[in-house]
Amino acid sequence: MKLLIYAGIGLLGVAGIYGAADYYNSNKKGSIDNMYVEEPAMVNEKATHTEVVVKKDEAAAVSKATNSTTAATKPTVAKKKAVKIKRKKKEEKIFIRDISLSDFSRGRIVKRPLKVKPVQEEAVPASGPDEEKKED
Amino acid sequence: MPNSRQITLQHSVQLFFTVLFWIPVVFFSLLLVKNTIPYFSFKQDFIFIEERTILFLKPIYKISFYIHIAAGVFCTLAALTQFSTYILKKRKAIHIWMGKIYVFVVLALGAPTGMYMSFFAKGSFWERFLFLFMAVYWFYSTAKGLQTIKQKNVIAHKNWMIRSYSMALTAVSFRIYHILFFYFDVDHLHNYEISLWISVLGNMLVAEFLIYRKSKAYLKTFN
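Going down the list, the protein sequences come from chains A and B.
For the first sequence, numbering that gives the first Met the number 0 begins at 0 and goes up steadily by one.
For the second sequence, numbering that gives the first Met the number 0 begins at 0 and goes up steadily by one.
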């Protein structure tokens, strides 16, 4: 029993002294200075990128919609039903906090990538000049 | 003096809380072991190792790491058998042998390697200090547990082994807090530091509370 305790104390002492010396040397060399420095988060960049995409698409949809409505008001194109393509949201970002059992470790838990829903396009028949007349 | 109904109720409540405590402890301990085993493929593509690539270039750190995690697996498995009343009463040999393994692994392998690795731990000076403290306290409480049982002082042995196990269990509780804080979107470094402090201090407090409660119940028997 005593042998084990003394051996343990010896090992603990050696580990402490060697660890301190090793840390001091490594610190002096600067080899461990930026060891745990975090890299810029990639997920945020992706998120902003998707937001930009959404904004662009919304803008395009709005411009298209305005074009189609101005065209519809012209009396020459009265017979053809104008179809206004309404895009609600091009992409929806969903952040799933997916914690798996493998995350049960001392290491960094990696954020799961943003899952993007496929493009949804809804064709809504626009109210043409004929329909407007009917309503009147 | 309580009647038989009150005693039965007390026992069932006690059993309920014992089960409530041990089910997650056993589950997460086994999960810890399961997640540690892949490290013995000696591949470098684990997030924990990738964060410490520079350190893993040092053979001494690499060896310490593998000894430390192997010791952790043995400790976790051995400790699970140590608090069972059934094993303690009916299969005492298991308790003795598992205890010997636990003590040897902590004193000769786990604590010294943990001590060396604590100097390179993630976080500020205080987190390194905390790891250092953990290594020393784990060693001291285990050595005291061994010493007291050799002196046939069973109560003191139990108390010191509860303290020792509380330090071994920081590996499990840290991971639980780490996942919880991740879920609440705390950034990684802060998450790491907070989880570390809560796991160490929380486990120590729980251990002291259990010891206090046991001692109180024991002292009552003298009245």
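Ideal Cβ placement from N, Cα and C applies to all residues, glycine included.
Discussion item. For residue 107/B and residue 128/B, what's the separation of their Cα atoms in angstroms?
Written reply: For residue 107/B and residue 128/B, the distance between alpha carbons rounds to 21 Å.
Discussion item. If you measure between the beta carbons of residue 110/B and residue 167/B, is that distance less than 8 Å?
Written reply: Result no, Cβ atoms of residue 110/B and residue 167/B do not sit closer than 8 Å.
Item to complete: Just mark residue 70/A as buried or exposed, buried being the case when its beta carbon has 16 or more other beta carbons within 10 Å.
Response: Confidence is the limiting factor: at residue 70/A the pLDDT is only 48, short of 50, which leaves the residue's position unreliable, though a coordinate-based value still follows. Counting Cβ neighbours within 10 Å, residue 70/A comes out exposed, since fewer than 16 surround it.
Worksheet item: Do three or more CB pairs link the segment 135-142 of chain B to the segment 88-95 of chain B at distances below 8 Å?
Response: Three or more Cβ pairs closer than 8 Å define a contact, and the segment 135-142 of chain B falls short of that threshold against the segment 88-95 of chain B.
Fill in: CB contact check: residue 100/A to chain B, cutoff 8 Å
For residue 100/A, the answer is yes, since a Cβ of chain B falls inside 8 Å of its Cβ.
Item to complete: State the Cα-Cα distance for the pair residue 178/B and residue 169/B, rounded to the nearest angstrom.
Response: Each residue's alpha carbon lies about 14 Å from the other.
Fill in: CA-to-CA distance, residue 164/B to residue 15/B, given in whole angstroms
Rounded to the nearest angstrom, the two C-alpha atoms are 21 Å apart.
Practice prompt. Determine, using beta carbons only, whether residue 6/B comes closer than 8 Å to chain A.
Written response: False, the Cβ-Cβ gap to chain A never drops below 8 Å.
Worksheet item: For chain B, is any of its Cβ atoms less than 8 Å away from the one on residue 29/A?
Response: Not closer than 8 Å to any Cβ of chain B, the Cβ of residue 29/A fails to qualify, so no.
Worksheet item: Does the segment 143-155 of chain B come within contact of the segment 179-195 of chain B, defined as at least 3 CB pairs closer than 8 Å?
Response: No: fewer than three Cβ pairs fall under 8 Å.
Worksheet entry | Residues, ordered as in the chain, of the segment 107-125 of chain B that lie near chain A by beta-carbon distance below 9 Å | Within the segment 107-125 of chain B, the qualifying residues are 107, 108, 110, 111, 112, 113, 114, 115, 116, 117, 118, 119, 121 and 122.
Worksheet item: Does the beta carbon of residue 10/A come closer than 8 Å to any beta carbon on chain B?
Response: Yes, because at least one Cβ of chain B sits closer than 8 Å to the Cβ of residue 10/A.
Practice prompt. Can you grab the Cα-Cα spacing for the pair residue 208/B / residue 202/B, in whole Å?
Written response: Taking the straight line joining both Cα atoms gives about 10 Å.
Worksheet item: So what does DSSP say about residue 158/B, is it helix, strand or coil?
Response: Residue 158/B falls in the helix class under three-state DSSP.
Worksheet item: Is residue 36/B near the ligand GDP, with its Cβ less than 7 Å from a heavy atom?
Response: Within the structure as shown, the ligand GDP is missing, as the structure has no ligands at all.
Worksheet item: Which class does residue 44/B belong to by DSSP, given the choice of helix, strand or coil?
Response: DSSP places residue 44/B outside both helix and strand once states are collapsed to three, so it counts as coil.
Worksheet entry | For residue 116/B, three-class secondary structure by DSSP | Residue 116/B: helix per DSSP, three-state reduction.
Worksheet item: List, in order along the chain, the chain A residues whose C-beta lies closer than 8 Å to that of residue 53/B?
Response: Per Cβ cutoff of 8 Å: 30, 31 and 34.
Practice prompt. Output the boundary residues of the alpha helix (DSSP H) element that contains residue 150/B.
Written response: Judged by DSSP secondary structure, residue 150/B falls outside any alpha helix (DSSP H); it is assigned neither H nor E.
Item to complete: Using a Cβ-Cβ cut-off of 8 Å, state whether residue 41/A counts as contacting chain B.
Response: Since pLDDT at residue 41/A reaches only 48, below the 50 mark, its modelled position is unreliable, and the value read off the structure follows with that caveat. Taking Cβ atoms only, chain B never reaches closer than 8 Å to residue 41/A, which makes this a no.
Discussion item. I need the boundaries of the alpha helix (DSSP H) containing residue 71/B, first residue and last residue.
Written reply: From DSSP, the alpha helix (DSSP H) with residue 71/B extends over 58-81.
Item to complete: Report yes or no: is there a C-beta of chain B within less than 8 Å of the C-beta of residue 97/A?
Response: Answer no: the Cβ-Cβ gap between residue 97/A and chain B never drops below 8 Å.
Worksheet entry | Listed by chain order, chain B residues near residue 2/A by CB distance under 9 Å | For residue 2/A, there are no neighbours in chain B by C-beta distance under 9 Å, as the nearest C-beta there is about 11 Å away.
Fill in: residue 197/B, enclosing alpha helix (DSSP H) - first and last residue
In the DSSP assignment, residue 197/B falls within the alpha helix (DSSP H) that extends over 187-219.
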